[in-house]
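Visitor: So in numbering that gives the first Met the number 0, the last spot in the sequence shown is 67, and the numbers never skip.
Where a beta carbon is used, it is the ideal one built from N, C-alpha and C, also for glycine.
Everything numeric in this text was worked out from a predicted model, so none of it was measured.
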Amino acid sequence: MAVFEYRHYELAPGKQELTRSYVRECSEPNMTRHGFRMMGPWEVIAGTTNSLHYILEWENFEARERAW
Numbered sequence: 000m001a002v003f004e005y006r007h008y009e010l011a012p013g014k015q016e017l018t019r020s021y022v023r024e025c026s027e028p029n030m031t032r033h034g035f036r037m038m039g040p041w042e043v044i045a046g047t048t049n050s051l052h053y054i055l056e057w058e059n060f061e062a063r064e065r066a067w
């Protein structure tokens, strides 16, 4: 059974573009290399929030434990 982990981060004002680039260019490739599957990232586009959201997926709980 697949295991999903929801992640949510509040970003410092003005750092959205830097964080988005870092996640796409560094975090996502490294996570993939170590057995993580990342869905997202997503950003809230309404209101004044500076948040980043994504979901990690593993084949099962044992795969999650090995990846971390």
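Less than 8 Å between the C-beta atoms of A66 and F35, yes or no?
Guide: Indexing the sequence shown from 1 puts residue 66 at position 67. Indexing the sequence shown from 1 puts residue 35 at position 36. In contact: A66 and F35 (Cβ atoms closer than 8 Å).
Visitor: Determine the contact status of R23 and L55, defining contact as a CB-CB distance below 8 Å.
Guide: Taking the first residue of the sequence shown as position 1, residue 23 is located at position 24. Taking the first residue of the sequence shown as position 1, residue 55 is located at position 56. Their beta carbons are not under 8 Å apart, which means R23 does not touch L55 by this criterion.
Visitor: If you drop the 5 nearest sequence neighbours on each side, which residues of the same chain put their C-beta closer than 6 Å to that of E27?
Guide: Within the sequence shown, numbered from 1, the residue matching residue 27 stands at position 28. Within the same chain, E27 has close Cβ partners M37.
Visitor: What are the partner residues of W57, as DSSP defines its beta bridges?
Guide: Numbered from its first residue, the sequence shown carries residue 57 at position 58. In DSSP, W57 forms a bridge with V2.
Visitor: Give me the residue from L10, F3 and E4 with the minimum Cα distance to N49.
Guide: Here residue 49 corresponds to residue number 50 of the sequence shown, with the count starting at 1. Residue L10 is the option with its Cα nearest to N49.
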